[in-house]
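If you're matching positions, the sequence shown starts at 1 in UniProt numbering and goes up one per residue.
Virtual Cβ for every residue (Gly too), placed ideally from N, Cα, C.
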Amino acid sequence: MVIKIELNHRQEHILQIVKDNGPITGEQIAERLNLTRATLRPDLAILTMAGYLEARPRVGYFYTGKTGSQLLADKIRKIKVEEYQSIPVVVNESVSVYDAICTMFLEDVGTLFVVDKRSYLVGVLSRKDLLRASMGKQELNSIPVNIIMTRMPNITYCLRDDLLVEVAKGLIDKQIDAVPVVKDHPDGYEVVGRITKTNITKLLVALAEDDQ
């Protein structure tokens, strides 16, 4: 979760001192505020961790010059997939289109991930795929999903350590609703999660609530 840092009066004063005099050491800042270095240390740690200041050994503190919105953008760029991924809904490649439709309805999802007998990713099923299969006169109970699914290597996927903002760009660029989060094995990809437009929306709501 992204946490907004509310600066107190002393921290604002410290920022102004560093803006006007940086680089400046912690001892010099403490002298200007008539405080001990130990008293000042927590404030400097907060300002440094929040990104307002940078500290360089044997040199002192610098003001980064970043606004609150820039610092927020920096934090968003560091958020990883694992922080917002949700539980995936998977079906075996041998199930029928009818069963896949029932699963999608019961689980209330827009995308199903198709796996083989080893539980490795082999395909993706979207609402459009299932709707397209339902429009003809085929017997849906007799058509396996591997006939209509999008197959590897044409599947967009991500890893838990990937940056969430990059995955969000992929959702937009490829106009898809979800991507599987996978764990890479020597002979395949294990589905361990999913990132959807809803997950991205949850991040936006969390940012908005933190800003209140």
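- Task: Take residue 260 and list the residues in its own chain whose beta-carbon comes closer than 6 angstroms to its own, dropping the five residues that flank it on each side.
- Result: Past the edges of the chain, shown from 1 to 212, lies residue 260, and the structure says nothing about it.
**Study point:** Sequence-distant residues of its chain with Cβ nearer than 6 angstroms to residue 193 (five each side left out)
**Key:** Counting from 1 along the sequence shown, the entry for residue 193 is found at position 193. Within the same chain, residue 193 has close Cβ partners 85, 88, 181.
Problem - Limits of the unbroken alpha helix (DSSP H) element including residue 48 - result: Within the sequence shown, numbered from 1, the residue matching residue 48 stands at position 48. Counting along the chain, the alpha helix (DSSP H) containing residue 48 begins and ends at 37-50.
- Message: Can you find the residues in the same chain that come closer than 8 angstroms, C-beta to C-beta, to residue 119, ignoring five residues on each side of it along the sequence?
- Response: The residue labelled residue 119 in the question sits at position 119 within the sequence shown. For residue 119, where only same-chain residues beyond five positions count, the Cβ hits under 8 angstroms are 90, 190, 191.
Should residue 98 and residue 140 be called a contact, given that it needs their Cβ atoms to be closer than 9 angstroms?
-> The sequence position of residue 98 within the sequence shown is 98, counting from 1. The sequence position of residue 140 within the sequence shown is 140, counting from 1. Contact flag set, yes.
- prompt: Under a three-way DSSP split, which group does residue 107 fall into?
  reply: Start at 1 with the first residue of the sequence shown, and residue 107 comes out as number 107. Helix at residue 107.
Using alpha carbons as the reference points, say which of 93, 127, 9 lies closest to residue 105. Residue numbering aside, residue 105 sits at position 105 when the sequence shown is read from its first letter. Ranking 93, 127, 9 by Cα distance to residue 105 puts 127 first.
Excluding five sequence neighbours on each side, which residues of the same chain lie with their C-beta closer than 6 angstroms to the C-beta of residue 55?
The count along the sequence shown starts at 1 and reaches residue 55 at position 55. Correct list, in chain order: 48, 61.
Between which two residues does the alpha helix (DSSP H) holding residue 255 run? The chain is shown only over 1 to 212; residue 255 falls outside these bounds and no answer can be derived.
Practice item. Check the C-beta distance from residue 96 over to residue 143 and give it rounded, since I have them as a contact under 8 angstroms. Key: On the sequence shown, position 96 is the one that residue 96 refers to. On the sequence shown, position 143 is the one that residue 143 refers to. Contact flag correct, Cβ pair sits at about 6 angstroms.
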